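Chemist: This is the structure I want to talk about, given as C-alpha cells.
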RNA sequence: CGGGACGUAGCGUAGCUUGGUAGCGCGCUUGGUUCGGGUCCAAGAGGUCGUGAGUUCAAAUCUCACCGUCCCGACCA
C-alpha cells in the first residue's frame with residue numbers, strides 16, 4: 005500500500021472528548037472516528053487491525069472445534085419474553101417498531117436465538133457436543149457509553165454457545181473455550197489473566213472473565229501473588245478471620261447516642277466503640293421487597309454478592325423514608341434486634357457469625373444497643389458471604405496477602421447449565437430415550453474492546469506500538485526523498501515490490517513531506533518495523549531498520565529484504 | 001437516572017466576569033523556501049459562536065428551556 009493513496013488522517017492534538025490514552029491514540033492515529041456518543045466508524049487502518057483480531061479469534065475458535073454461524077441482529081421480542089430476559093435485561097434492549105407497529109429488539113447477545121435454533125435442530129445426544137459461534141455487531145442501550153470503543157452502544161462481539169448432553173460434557177466444552185481464550189489474548193499480544201467471576205443476569209453456575217491489566221480498566225480484581233487465585237472484586241473472597249468471640253455479656257443494653265449516625269462517629273469518644281465491634285444494618289429493596297443486610301462496621305457490602313446470594317434481580321438501598329417505614333427509625337440508628345417485621349428477611353455476613361459483645365442501632369433515633377450477641381439477639385434468616393474484599397487480606401487458599409488491581413474485561417466464559425434450554429425447549433433424547441434439556445455454555449469476546457485494550461497496554465510517548473500479530477502493516481518503508489527516479493526512491497520501490505511479493509504487509513510512505521513529519525506519523529501509528537532510506541546512509545550502501553520502540557540498525561541495501569523477513573520471523577516466533 | 005464540567009472554523013483554544021468589528025495555534029488552498037524528527041515566509045478559504053425563546057438600541061457574552069459532549073455512580077464484552 006502507498007501511503008499517498010491510502011487514508012490515514014493523523015491528528016497532532018487529541019480531541020477534547022478523549023480522556024484515556026488508548027482513546028486518544030485511536031483517534032490520533034486515524035484508526036476510528038466518532039459518529040456520535042458510543043458509535044464509531046472504523047477507518048481503513050483501524051479495520052485492518054480489527055480484521056486481524058477477528059482472524060486470530062476465528063482460527064482459535066475453529067481449532068477448538070467451534071463452528072461459525074451468523075445470526076440475525078434483529079430479533080423477535082417473543083423469545084426474550086420466553087427466556088424471561090425481556091424484563092430482566094430490558095434496560096439494555098434497543099427496541100424498534102416496523103411499519104405494522106410490531107416491536108423488534110436489536111440483539112445485545114444471542115442466547116435466545118441460538119437456543120431456539122438448537123430447539124429445532126438438536127434432538128439426540130448423538131448430535132452433541134456442538135459449539136456455534138459468530139462475530140457480530142451487538143447493540144446495548146448503555147447507560148453511559150465511555151472511553152471510545154471500551155463501552156459503546158454498538159460493538160463487535162464474538163459470541164459462542166456450546167450444547168452438551170451432560171454436565172461433564174459441558175465442563176469439557178467450557179474448558180476448551182477457556183484454553184482457546186488464553187491463546188487468543190496471548191496471540192493478540194495482551195498481558196491477560198483469567199479471574200473467577202460473578203454470572204450476573206446471564207445466569208449460570210461457573211464463570212471466568214479474561215482480564216487485561218490496565219489502570220483505566222473498569223473492573224477491580226483481587227489477585228494472590230503466591231498462588232493462582234484471582235477473582236473479580238464482585239466475587240472475591242478472602243481468608244480473613246471471623247469476629248473474635250468475647251465473654252458473653254449481659255442482656256442487651258440501650259444507651260443514648262444523640263446525633264451519632266455513622267460508624268465513625270460511634271467509634272469516637274465518648275462512645276468509643278471500634279468499628280469492628282459494630283453491626284452495620286442496611287435496609288435494601290430487593291425486587292421491591294425490603295430486606296435487612298448485616299455487615300460488620302468496618303466492612304463494605306458487596307451488592308453483586310447480595311444479588312447472587314439472594315437471587316434478587318434488582319437491589320437498591322432503601323430511601324430514608326423506606327427505612328422508617330420498615331424499622332421505625334432513620335439510617336444511623338437502625339438495627340435488627342427488635343421491631344423487625346416478621347416478613348422482613350435478615351441476611352448477615354459470615355464474618356458476623358457467632359459475634360457477640362457487638363453494638364448496633366436500637367431502631368429508635370438517637371439510641372444504640374450494646375452487648376448484642378448475633379446468635380442470641382438477632383433472628384438471622386441466612387448467613388452469606390456479603391462483604392467486599394480489601395487489599396492485603398490473606399488469600400483464602402494460601403494465606404498470602406491479596407492485591408487489588410484494575411483491569412479491562414475482554415472475554416467472559418460461562419457455564420450456563422439448562423436455564424435457557426429449559427425455557428426455550430432445547431431438549432434432546434438421551435441413550436435411554438429420556439428427554440433432557442441441553443447443557444449450555446456461552447462465551448463472549450469483546451472484539452472492539454480487545455482492539456482498544458491492545459493500544460491501552462502497548463504504547464509510549466510517541467504513539468502506539470502494535471504487536472506484530474495485529475499490526476495494520478508490519479513494515480513502513482520511509483524514503484526521505486520522494487523525487488521520482490532518485491536513487492532513494494528507486495531503492496524504496498524495489499524493496500517495496502520485493503516485500504509485497506514475499507507476502508509482507510508493507511506500506512510505502514511516498515508522501516512528499518519532510519522526514520520529521522513521516523517519522524512522527526510512523527511512530528504514532530505504530531508499525532512494528534520502519535525501514536528508512538535516506539541519501540546519507542545510502543551513500544554507504546546502507547538503509548536503516550528501526551523496530552518501533554527499539555534501536556536503529558544499519559544494513560546493506562541489498563540485504564534489506566532478507567533482514568526484514570528475518571526480523572519479522574523472529575518477532576512472530578517470539579509471540 | 002442522580003451529581004459535576006463544558007459546547008466558539010476539521011482539531012486544540014482565547015474572548016464571556018464588566019454586552020458594542022469573533023481572535024490565535026494546528027490542519028487546509030496557492031506561491032516561494034527548506035529537506036534525517038511535526039521547516040520558514042507570504043497570500044488566502046473556512047464561523048447560524050450547540051438550538052430555541054427572552055432581556056436590551058445592541059447578545060458569543062446576561063436569563064430560561066431544550067439538545068449534545070465529557071467526567072463521577074448503577075449496567076456490561
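In the numbering used here, the protein residues as written are 5 to 579.
Positions of the beta carbon are idealized from the N, C-alpha and C atoms, including for glycine.
Nothing here was measured: the structure is a model prediction, and the numbers come from that model.
Count the other C-beta atoms from every protein chain shown that fall within 10 angstroms of the C-beta of residue 26, then say buried if there are 16 or more, exposed otherwise.
Modeler: Answer is buried; the Cβ neighbour count reaches 16.
Chemist: Determine the direct distance from the alpha carbon of residue 47 to that of residue 492, and round the result to whole angstroms.
Modeler: Rounded to the nearest angstrom, the two C-alpha atoms are 30 Å apart.
Chemist: Can you tell me whether residue 70 is buried or exposed, with buried defined as 16 or more other CB within 10 angstroms of its CB?
Modeler: Buried, because 16 or more other Cβ atoms sit within 10 Å of the Cβ of residue 70.
Chemist: When the Cα of residue 386 is compared with those of 149, 231 and 296, which residue comes out closest?
Modeler: When only C-alpha atoms are compared, the closest one is 296.
Chemist: If residue 502 sits next to residue 565, beta carbons under 8 Å apart, how far is it from one beta carbon to the other, in whole angstroms?
Modeler: Indeed, because the Cβ distance is near 5 Å, the residues count as touching under 8 Å.
Chemist: Answer with buried or exposed for residue 402, where buried requires no fewer than 16 other C-beta atoms within 10 angstroms of its C-beta.
Modeler: It counts as exposed.
Chemist: For residue 168, collect the residues of the same chain with a Cβ closer than 6 Å to its Cβ; drop the 5 residues on either side in sequence, then sort them by chain order.
Modeler: Cβ neighbours of residue 168 beyond the five flanking positions: 132, 133, 174, 177 and 443.
Chemist: Given residue 430, which residues of its chain have a CB within under 6 Å of its CB, disregarding the five upstream and five downstream residues?
Modeler: Taken in chain order, the residues that qualify are 119, 122, 123 and 442.
Chemist: Since I believe residue 116 is in contact with residue 428 (beta carbons under 8 Å), could you give me their beta-carbon distance rounded to a whole number of angstroms?
Modeler: Correct: roughly 7 Å between the Cβ atoms.
Chemist: Taking Cβ positions, are residue 64 and residue 218 nearer each other than 8 Å?
Modeler: Their beta carbons are not under 8 Å apart, which means residue 64 does not touch residue 218 by this criterion.
Chemist: Note down, in chain order, each residue of its chain lying with its Cβ closer than 6 Å to the Cβ of residue 233, except the 5 sequence neighbours on either side.
Modeler: Once the five neighbours on either side are set aside, the close Cβ partners of residue 233 are 399 and 401.
Chemist: Three-state secondary structure (DSSP) at residue 183?
Modeler: Here residue 183 sits in helix by DSSP.
Chemist: Drop a sphere of 10 angstroms on the beta-carbon of residue 377, count the other beta-carbons inside from all chains shown, and report buried for 16 or more, exposed for fewer.
Modeler: It is buried - the Cβ of residue 377 has at least 16 other Cβ atoms within 10 Å.
Chemist: Would you call the CB atoms of residue 54 and residue 45 closer than 8 Å?
Modeler: Taking 8 Å as the Cβ cut-off, residue 54 and residue 45 do not qualify as a contacting pair.
Chemist: Cβ of residue 33 within 8 Å of Cβ of residue 512?
Modeler: No, the Cβ-Cβ distance between residue 33 and residue 512 is not below 8 Å.
Chemist: To the nearest angstrom, report how far apart residue 73 and residue 86 are at their CA atoms.
Modeler: Using only the alpha carbons, I get a separation of about 23 Å.
Chemist: From this set, 556, 559 and 532, which residue's C-alpha is nearest residue 576's C-alpha?
Modeler: When each option's Cα is compared against that of residue 576, the closest is 532.
Chemist: May I have a chain-ordered list of the beta strand (DSSP E) segments no shorter than 3 residues that lie completely inside the region 503–561?
Modeler: List check, beta strand (DSSP E) in window: 510–512, 533–537, 546–551 and 557–560.
Chemist: In the DSSP assignment, find the unbroken beta strand (DSSP E) run with residue 293 in it and report its ends.
Modeler: Run containing residue 293: 293–300, per the beta strand (DSSP E) assignment.
Chemist: Pull up the DSSP beta-bridge partners for residue 446, would you.
Modeler: In the DSSP output, where bridge partners are listed per residue, residue 446 has 165 and 418.
Chemist: To the nearest whole angstrom, what separates the beta carbons of residue 353 and residue 408, a pair I think is in contact under 8 Å?
Modeler: Going by Cβ atoms, the distance from residue 353 to residue 408 rounds to 19 Å, so no, they are not a contact pair.
Chemist: To the nearest angstrom, how far is the alpha carbon of residue 283 from that of residue 448?
Modeler: One C-alpha to the other measures close to 40 Å.
Chemist: In terms of alpha-carbon separation, which member of 548, 164 and 330 lies closest to residue 346?
Modeler: Out of 548, 164 and 330, 330 has the C-alpha closest to the C-alpha of residue 346.
Chemist: Measure the Cβ-Cβ separation of residue 579 and residue 193 and say whether it is below 8 Å.
Modeler: Yes, the pair counts as a contact, with Cβ atoms nearer than the cut-off.
Chemist: Counting pairs of beta carbons, one from the region 306–314 and one from the region 361–371, are three or more of them closer than 8 Å?
Modeler: No: the two stretches stay apart, fewer than three of their Cβ pairs being nearer than 8 Å.
Chemist: Short of 7 Å in beta carbon distance, which residues of its chain neighbour residue 343, apart from the five on each side in sequence? Order them along the chain.
Modeler: 331, 332 and 367, listed in sequence order.
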